[in-house]
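691 is the number of the first residue of the sequence shown in our numbering; add one for each residue after it.
Just so you know, even glycine gets a beta-carbon here, dropped at the ideal spot from N, CA and C.
One structure is given below, encoded as structure tokens.
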Amino acid sequence: MEPNDPLLSRYDETPYRDQFFPQLDLSRLLGLAQLFQSQSPDPTDLRVLDLCCASGTHVREQAARYPGVRFTGIDFSRREIEAGRRRITEVGLGNVELVESDLREFQVCPGAYDLILCHGAFSWVPDEVKQRILELCREGLKRTGVAAISYLTYPGWKQREAIRELLVSRVQGIAEPEERVRQSALLLRLLREGYAANQENVHAASLKAIVESMQQSSSNVFLHDELGVEHDPCYFMQFAEWAAESGLQYLAETDLGTMALGGLAPGAGGLLQELAPDFLEAQQLIDFLVNRSGRSSLLVRQDAPIARKLSLDRLATLRFTTEFCNTRPA
691 MEPNDPLLSR
701 YDETPYRDQF
711 FPQLDLSRLL
721 GLAQLFQSQS
731 PDPTDLRVLD
741 LCCASGTHVR
751 EQAARYPGVR
761 FTGIDFSRRE
771 IEAGRRRITE
781 VGLGNVELVE
791 SDLREFQVCP
801 GAYDLILCHG
811 AFSWVPDEVK
821 QRILELCREG
831 LKRTGVAAIS
841 YLTYPGWKQR
851 EAIRELLVSR
861 VQGIAEPEER
871 VRQSALLLRL
881 LREGYAANQE
891 NVHAASLKAI
901 VESMQQSSSN
911 VFLHDELGVE
921 HDPCYFMQFA
931 EWAAESGLQY
941 LAETDLGTMA
951 LGGLAPGAGG
961 LLQELAPDFL
971 EAQQLIDFLV
981 NRSGRSSLLV
991 RQDAPIARKL
1001 SLDRLATLRF
1011 TTEFCNTRPA
């Protein structure tokens, strides 16, 4: 990547506040792989690759929780990688490494990884990087491996995108990050007050909730997520088609509940099955029914064995937990 690349410059100038992502916990992903595949990764010898890992908070947390697993994080920001390496040294983790590399130049060892993660990047990078992310998943996954990619989706993101476009136009030409955030905060305050004064309008109530969620973002997250150089949501079917073009196939969501028909209005499930007997088409229609704004999807290689029809035998092999008892290590 060129030294003056605007995307890299933004992340070096204002590091992203990365974090631990519970939906990408190793045991959760392995359980889903076991649930939907006739063959799943061998839990006794696991390798995990995290693409666009920032300073590696997620892989460091996972490395501490699963000391027998080998983790590798990749990011193009030298500042982020150096900060992550210092933290790894401080806590004495020996099963995780961070690599500074542009994904467009990074070469992966074919079939080396059981899990490949990409959270918070796919919708914020250029098309050629999106394509490379999918290519790295195809090249790097074992036949039984699983990739987990999060991304923004339409139709749910449409309203937020409109507000984002207003913010971007407002701060256009302002170079200083602090002033970009200050001007955005003033505009968001105006919008919130306007929507609050019109609460009887259902659309105003929805827009007010979006503005309030933006106001709750930290400055560095806001600069990248709302005012970033790249911002490219997509429809689910687009994502599934891109994956297929790269030699991958859709498996499931990291949150199984978002795939279910049980929460739909009475009669909607039958109509959905009539209109969209194809599994992927049904998932796209569900996005419209629930106005979904984001997904965290699991992909596998085209030659991976998928078994979507759940059996009691496979369910009996899994361990179940909840967010209340799945505690993180200190």
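Strand pairing of residue i, partner residues [DSSP]
i: Tyr925; result: According to DSSP, Tyr925 bridges with nothing at all.
i: Gln727; result: Ile996
i: Gln939; result: Val990
i: Gly746; result: DSSP output for Gly746 lists no bridge partner at all.
i: Tyr841; result: Arg985
Enclosing beta strand (DSSP E) for residue i [first to last residue]
i: Tyr803; result: 803-808
i: Glu787; result: 786-790
i: Val738; result: 737-741
Beta carbon proximity, residue i to chain B, threshold 8 Å
i: Pro800; result: The chain labelled as chain B is not found in the depicted structure, where only one protein chain is given.
Simplified DSSP assignment, three categories, for residue i
i: Gln752; result: helix
i: Thr1012; result: Reliability fails at Thr1012, whose pLDDT of 45 lies under 50, so the model's placement of it is uncertain and the value that follows must be treated cautiously. Three-state DSSP puts Thr1012 in coil, outside helix and strand.
i: Asp817; result: helix
i: Ser908; result: coil
i: Asp945; result: coil
i: Phe761; result: strand
i: Ala955; result: coil
i: Ile771; result: helix
i: Val858; result: helix
Straight-line gap, residue i to residue j (C-alpha atoms, nearest Å)
i: Ala754; j: Leu783; result: 7 Å
i: Arg872; j: Thr843; result: 28 Å
i: Tyr756; j: Val789; result: 20 Å
i: Phe761; j: Ala955; result: 43 Å
i: Leu856; j: Ala950; result: 35 Å
i: Pro1019; j: Glu943; result: Reliability of the predicted coordinates at Pro1019 is poor, the pLDDT of 40 falling under 50, and no value is obtained from them.
i: Gly960; j: Ile806; result: 36 Å
i: Ala997; j: Leu989; result: 13 Å
i: Val749; j: Ala930; result: 26 Å
i: Gln849; j: His893; result: 10 Å
i: Gln928; j: Ser859; result: 27 Å
i: Leu793; j: Arg822; result: 7 Å
i: Pro867; j: Val911; result: 12 Å
i: Leu720; j: Pro733; result: 8 Å
Where the alpha helix (DSSP H) containing residue i begins and where it ends
i: Ser767; result: Premise fails: Ser767 is in no alpha helix (DSSP H) and is neither H nor E.
Nonlocal neighbours in the same chain, by C-beta distance under 8 Å from residue i, ignoring five residues either side
i: Gln709; result: Thr747, His748
Cβ shell of residue i (< 7 Å), same chain only, five flanking positions each side left out
i: Gln713; result: Thr944, Asp945, Ser986
i: Tyr925; result: Thr843, Tyr844, Gln974
Own chain residues within Cβ distance below 6 Å of residue i, not counting five before or after
i: Cys799; result: none
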